[in-house]
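Residue numbers (our numbering): 1 to 145.
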């Protein structure tokens, strides 16, 4: 396993970066969608297409690869001391990030159905969630607290 460890770790980091980019960008698209676009207009359809492609072509695959490679790293002997706090903090935050991802997917469907009820301000606030989770993950992994 040591021969492929660095490859797995490198691709895990790349997948996380791609996933995070989508988690940062999709709520921002929702802000513009709700504040600038009239439901049913051609621009509404364009935003729906952009949101769909971001979620399905970038975010979903990146999340899946992140999880698969992360689980490979977790089961690699000698990498994780489960008596430490940091792997539990990271695990909790990754699960929270996954729940946020699923929530974004449901909000995208609300736009498609024309039933979105959240405001741009609410999406702006939600846009901070992945940042806070990322900070907790990076600090826990690097500082091993």
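Quick reminder that beta carbons are idealized off the backbone N, C-alpha and C, glycines included. Given the structure is predicted, the values throughout are model-derived calculations rather than measurements.
CB-CB under 6 Å to residue 72, same chain, minus the five flanking residues each way: which ones, in chain order? 8
At the level of alpha carbons, what is the spacing between residue 80 and residue 41? 51 Å
With contact counted as at least three CB pairs below 8 Å, one residue from each stretch, are the region 123-135 and the region 46-63 in contact? no
Do you know how far the Cα of residue 22 is from the Cα of residue 46? Approximately 17 Å, taken between the alpha carbons.
Could you tell me the distance, in whole angstroms, from the CA atom of residue 54 to the CA atom of residue 77? About 35 Å.
Is the Cβ-Cβ distance between residue 117 and residue 48 less than 8 Å? no
Unbroken beta strand (DSSP E) runs of length 3 or more, entirely within the region 11-99: which are they? Listed in chain order, there is nothing to give.
DSSP state of residue 131, grouped into three classes? helix
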